[in-house]
Each structure stands twice: as C-alpha cells, then as structure tokens.
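In the numbering used here, the protein residues as written are 3 to 394.
This is the structure:
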C-alpha cells in the first residue's frame with residue numbers, strides 16, 4: 003500500500019521482534035506496525051532487518067516499499083572482507099588508503115603474518131610496538147578478542163583477522179577511546195554517502211597500559227564489555243562515570259584542550275568515503291533501499307584516525323543516557339533524508355548530515371514542543387510489545 007494513500011507501515015525482522023529504540027522512533031513518526039496477513043503479506047512500506055535480505059527479495063519490491071539493506075552492501079561489515087578490500091585498493095591507489103592498521107586474514111595469510119613478524123624482528127618481547135590484536139571474524143561486542151606480542155602467544159580456533167595494534171592512542175584522563183560514527187548510503191551507483199555529524203566516543207574503563215595486554219577493560223572500548231567492568235559506575239578522571247560521551251562533547255573537550263580537530267574531521271570524511279568506494283564494483287545498482295553503517299574509528303596521539311571495522315545495522319541498544327540522545331535524532335534524520343514521511347505527528351525534525359561524496363552540509367536546530375508527549379506515548383507502546391536487543 004502506498005503511504006500516499008494510507009498509513010505508513012513498518013516491519014522489523016521476520017518475527018516483529020526488534021530494537022526498542024527503532025520501534026519508538028517509528029511510532030513517534032506516526033507509522034503503524036506490520037501485522038502479518040496471508041492476504042496482505044506485502045502490506046508494508048519499510049522492512050528493517052538486522053541481517054541482510056536474499057537477492058530474490060529485491061526483485062519483488064513494490065515502488066512504495068523500502069528496505070534497510072542494499073544487495074551485497076553489507077560485505078565490508080565482515081572483518082576479513084574489509085581487510086581484503088582495503089589491501090586491494092592500497093595496491094592500486096597507494097598511501098591514500100593507509101588509514102587502517104596492517105592486517106592479515108587467518109588462516110589464509112598466516113605465512114604472510116609470520117614473514118612480516120620476522121622481517122620486522124617482532125619477536126622482541128620487550129619492544130612496546132610489538133603488539134598485535136586478533137579478532138574472530140564471526141564475533142562482535144569484544145568477544146574472543148586477544149592481544150599478543152609473540153606469534154607463539156597467538157591462539158585462534160576460527161577465521162580471524164590479526165591487526166597491528168595502534169600503540170599510541172589519544173588518551174583522555176589516561177583512558178583509551180574510539181569513535182562510533184553513523185553513515186548512511188542510499189546509493190552506490192552513483193555513490194552517495196552521508197556521515198552524521200553526531201556520534202559516540204566509547205571509552206575503556208581501566209587506564210591504558212601496554213604492560214598488561216590481558217586486561218580487556220584497558221584495551222577494548224566495546225560498551226557491552228565495559229559496562230560489566232568493576233569501574234564502569236565510578237567517577238573516572240576526566241571522563242566521569244560510565245564509558246560514553248557524545249561526539250559533540252568530545253569535540254568540545256578537544257577544542258578546550260587546545261587541539262584543533264578540523265583536520266581530524268576532514269580525514270575522517272575521507273576515510274569513510276574511501277572505505278565505501280572500495281566496494282563499488284561488488285555492489286549492483288539498486289533502488290528503494292539503503293545501507294546504514296557504524297564506523298569504528300580510533301584516534302591516535304597525533305590526531306590521526308584509524309579505521310578499525312565497519313558494523314551492520316548499528317544504533318540498536320541503549321546502554322546509557324547518551325545513547326537515545328544521539329541515536330533517536332539520528333534515526334529521525336536518516337528517515338527524513340531518505341524521504342520517508344512523518345505522518346501527522348507535528349514533529350519538527352532537524353537534518354545534520356554531513357555529505358561525503360555529494361550533497362551539501364545543512365544544519366537546523368531543535369525539535370518541536372510536541373516531541374515530549376509523542377515520546378511518552380511511544381514509550382508506552384514500545385514497553386507493551388515484545389522487542390529484542392542489538393548492538394550499540
């Protein structure tokens with residue numbers, strides 16, 4: 003049913019179970035939730051799935067239907083694929099692609115890893131730069147990650163990516179952090195890439211030190227991990243309680259500390275664009291669909307950004323107050339950007355997307371006074387339905 007002739011209907015996953023935050027945003031926009039019916043099984047306008055859709059699904063889309071994945075658009079969200087794409091691009095285009103730590107896909111490239119370690123004499127345990135990080139390809143949220151200095155310490159039982167560990171991260175109060183940045187790609191042909199101006203800074207909850215590589219709370223910034231740490235609720239030096247700031251808060255801190263982050267942001271824009279461009283040849287032209295990514299970027303002490311990985315369907319979980327403050331406006335703005343309607347809600351939404359490949363940067367301010375009551379009613383509806391979890 004076209005949303006021009008009836009209510010805009012959203013559908014989440016295959017069983018209707020999905021992230022509370024996403025459901026709340028959809029309800030705030032005046033959308034109705036999909037109810038499966040044998041007669042009207044195609045009666046939906048937006049189908050949001052955590053995972054991808056089969057290729058055959060895209061051939062059956064009606065003109066008024068939209069999905070949150072592009073055919074093969076999620077390829078860069080696998081750690082091994084991302085490593086392979088960036089290596090190929092670096093061979094062709096050179097140092098412009100030197101924004102991701104050196105990486106090896108295991109077991110396929112194990113002998114190359116051995117050769118690299120040998121060439122650089124990386125068996126010297128006392129050298130603080132001799133640190134690698136091993137990440138299982140099929141796991142997320144910090145699970146299965148280990149750090150090592152000697153190859154004899156490397157242990158893995160499934161496909162994994164071994165990356166050179168960035169040993170000089172920018173620290174705040176002695177704590178390591180990375181950035182979770184939100185990227186919307188409504189088209190690969192032509193490439194159209196939008197980077198949201200707001201985002202998250204995610205902190206470790208123990209102070210950074212290369213002398214103890216076995217402490218995940220000092221080296222990993224995953225919120226799902228650090229919220230289980232013993233110091234999560236403590237007031238930590240400079241960063242306070244918890245482990246998250248908004249990107250706006252981080253940029254304010256950097257500027258107040260005398261660090262001009264303008265060049266850092268330009269480098270991040272380039273990093274995002276070049277990463278998406280790396281898979282243009284693998285993604286077919288498509289319509290009525292978009293891709294939504296979470297880019298994890300580490301900033302080193304020289305204010306140089308390093309791409310760590312790309313996540314599929316981010317912004318699904320609320321761990322603390324900063325999450326809905328960042329993610330709800332971002333989801334609203336993304337739906338506005340895509341031209342999906344606000345149905346008789348009275349919301350005045352603001353668009354603060356920063357264009358990557360094309361488009362212009364536009365900033366507006368504030369929500370309407372009707373937002374509070376709509377949020378209250380949507381929370382009641384969300385709490386009354388069964389909803390699943392997700393990642394940050």
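Cβ atoms here follow ideal geometry from the backbone N, Cα and C, with glycine treated the same way.
- Nearest to residue 122 by alpha-carbon distance, out of 108, 104, 110, 109, is 104.
- The alpha carbon of residue 276 has as its nearest neighbour, out of 147, 94, 333, the alpha carbon of 94.
- C-alpha of residue 329 to C-alpha of residue 273: approximately 22 Å in a straight line.
- DSSP places residue 136 in the uninterrupted beta strand (DSSP E) bounded by 134-138.
- Counting only runs of 3 or more residues that sit fully inside the stretch 288-332, the beta strand (DSSP E) segments are 293-301, 307-314, in chain order.
- Restricting attention to 188, 153, 65, the CA atom closest to the CA of residue 119 is found in 153.
- Taking C-alpha positions only, residue 262 is separated from residue 304 by approximately 11 Å.
- If you look at residue 188, you'll find it in the beta strand (DSSP E) that goes 177-190.
- If you compare the alpha carbons of 216, 344, 289, 72 with that of residue 151, the shortest gap goes to 216.
- Taking the CA atoms as reference points, residue 69 sits about 12 Å from residue 11.
- For residue 277, the three-state secondary structure derived from DSSP is helix.
- Residue 168 is positioned such that its CB atom lies closer than 9 Å to that of residue 302.
- When DSSP reads this structure, residue 107 sits in a beta bridge with 163.
- In this structure the stretch 303-317 lies against the stretch 77-88, because at least three pairs of beta carbons, one per stretch, are closer than 8 Å.
- Within the same chain, Cβ atoms closer than 8 Å to the Cβ of residue 206 are found at 177, 178, 179, 219, 220, 221, 222, 223, 228, 245, the five residues on either side in sequence being excluded.
- By the beta-carbon neighbour count (other beta carbons within 10 angstroms, threshold 16), residue 295 is buried.
- In this structure, the CA atom of residue 138 is about 16 Å from the CA atom of residue 314.
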